[in-house]
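Colleague:
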């Protein structure tokens, strides 16, 4: 499928990955409708920060994936749907699990039912590596069991199974992308990399962090966005769940030391108990097997960890106004 000229809807377009995906689709010549969550401030999230020439070419609509009638109105006439809208913060899912069920499971069901009704040509549904839980073997391929180690991951498992059921029951043309830990410009301080970088740039001499021993497979946002594109373009991906990861792991402790070195600062790491997950909820190891995406598409990661971190440091340094370094962002 060539996305040029296609009518494309992106849910969650105002978010971190969604805003980058919106830009990339415009570059490819798609006719983009960007769904942002309705709010009384009329905020379009990161879409508000884009260049005016880019914004003028986006059809921005407001709504809520939890509301089916609204989804029907927005999806009617669309040819491709990228479904990214979700609640994603793991710590907040301990506080408000029902909100994750309503947004991530019921919201996904609303989007897919509307896509089925209007015969959308391709849907790319967004999963997460958190659905795997702590690795039972590495690297983690798509056959790895799913483990609900937090209300967030459980809600995403539910959403993924809804997507699978629509493919199996109705032959809905769905592909599920399962990104591992994406980072880069516009990511909020709820994630470890912007938390570390923003604290360092704010002049902190101590870094407040959670556990340093877990490992993660980090991917620069432009690589993740390109994985979305390649999965959408390939007919081979329909009905498949596909990892998007680098096939490399690094511990949080080693990652933090790398960021400190790249930032050329002197800081001390302090473990903050408020940032620790419950013991049985901590995901200790994530490492992606990315063979499947390479077999089904032409995707290959293009950015090394150092390249991505340097780009992220430079962006955060220019945009410190978005970070409250004295407040733990749940």
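Residue numbers (this note's numbering): 734 to 1063.
Using N, Cα and C, we set each Cβ at its ideal position, and we do this for glycine too.
Less than 8 Å between the beta carbons of residue 769 and residue 758, yes or no?
Modeller: no
Colleague: Assign residue 843 to one of three DSSP states: helix, strand, or coil.
Modeller: Residue 843 falls in the helix class under three-state DSSP.
Colleague: For residue 800, which residues from the same chain have a beta carbon less than 8 Å from its beta carbon, with the 5 sequence-adjacent residues on both sides left out?
Modeller: Correct list, in chain order: 843.
Colleague: Express the C-alpha separation of residue 855 and residue 878 in angstroms, rounding to a whole number.
Modeller: 26 Å
Colleague: CB residue 931 to CB residue 1009, shorter than 8 Å?
Modeller: In terms of Cβ geometry, residue 931 and residue 1009 do not form a close pair [threshold 8 Å].
Colleague: Buried or exposed: residue 820, going by 16 or more other Cβ atoms within 10 Å of its Cβ?
Modeller: buried
Colleague: In whole angstroms, give me the CA-to-CA distance for residue 867 and residue 1019.
Modeller: The alpha-carbon atoms of residue 867 and residue 1019 are separated by roughly 7 Å.
Colleague: Let me check understanding here. Comparing Cα to Cα, which of 1047, 838, 785 and 1030 lies closest to residue 969?
Modeller: 1030
Colleague: Closest to residue 902 by CA distance: which of 738, 961, 736 and 846 is it?
Modeller: The candidate whose alpha carbon is nearest that of residue 902 is 846.
Colleague: For the alpha helix (DSSP H) that residue 988 lies in, which residues bound it at each end?
Modeller: 985-996
Colleague: For the beta strand (DSSP E) containing residue 941, list its first residue and its last residue.
Modeller: 939-942
Colleague: To the nearest angstrom, how far is it from the Cα of residue 999 to the Cα of residue 988?
Modeller: Each residue's alpha carbon lies about 15 Å from the other.
Colleague: Just to confirm my understanding: we take residue 895, look at its own chain, exclude 5 residues before and 5 after, and list those with CB closer than 6 Å. What are they?
Modeller: 841 and 842
Colleague: DSSP beta-bridge partners for residue 957?
Modeller: DSSP, once it has assigned bridges, lists no residue as partnering residue 957.
Colleague: What are the boundary residues of the beta strand (DSSP E) that residue 764 is part of?
Modeller: 764-770
Colleague: Let's see if you can read the secondary structure: which residues bound the alpha helix (DSSP H) around residue 738?
Modeller: Element bounds for residue 738: n/a, residue is neither H nor E.
Colleague: Can you find a CB in chain D that lies within less than 8 Å of the CB of residue 914?
Modeller: Here chain D cannot be found, since the structure has a single protein chain.
Colleague: To which residues of the same chain is residue 910 closer than 7 Å at the C-beta, ignoring the five residues directly before and after it?
Modeller: 857, 859, 860, 960, 961, 964, 975 and 977
Colleague: Since residue 719 contacts residue 900 with CB under 8 Å, what's their CB separation in whole angstroms?
Modeller: As displayed, the chain neither begins before 734 nor continues past 1063, which places residue 719 out of reach and without an answer.
Colleague: Which same chain residues, not among the five before or five after residue 741, have their C-beta less than 8 Å away from its C-beta?
Modeller: 758, 763, 764, 765, 766, 811, 812, 813, 814 and 815
Colleague: Using a Cβ distance threshold of 8 Å, determine whether the stretch 826-837 contacts the stretch 779-793, with at least three qualifying pairs required.
Modeller: Touching, no.
Colleague: By how many angstroms is the C-alpha of residue 776 removed from the C-alpha of residue 796?
Modeller: 12 Å
Colleague: Just how far apart, CA to CA, sit residue 1051 and residue 862?
Modeller: 30 Å
Colleague: Would you mind listing the alpha helix (DSSP H) stretches within the stretch 875-938 that are 4+ residues and don't spill past its ends, in chain order?
Modeller: 884-903 and 925-934
Colleague: Quick one: what does DSSP say residue 795 is sitting in, helix, strand or coil?
Modeller: For residue 795, the secondary structure class from DSSP, reduced to helix, strand or coil, is strand.
Colleague: Give a yes or no on whether the C-beta atoms belonging to residue 929 and residue 940 are separated by under 8 Å.
Modeller: It is a contact, given that the beta carbons lie within the stated cut-off.
Colleague: Quick one, which of 916, 1027 and 864 has its alpha-carbon nearest residue 893's?
Modeller: 864
Colleague: Tell me the rounded alpha-carbon separation between residue 734 and residue 967.
Modeller: Taking the straight line joining both Cα atoms gives about 6 Å.
Colleague: Please classify residue 965: does DSSP put it in a helix, a strand, or coil?
Modeller: helix
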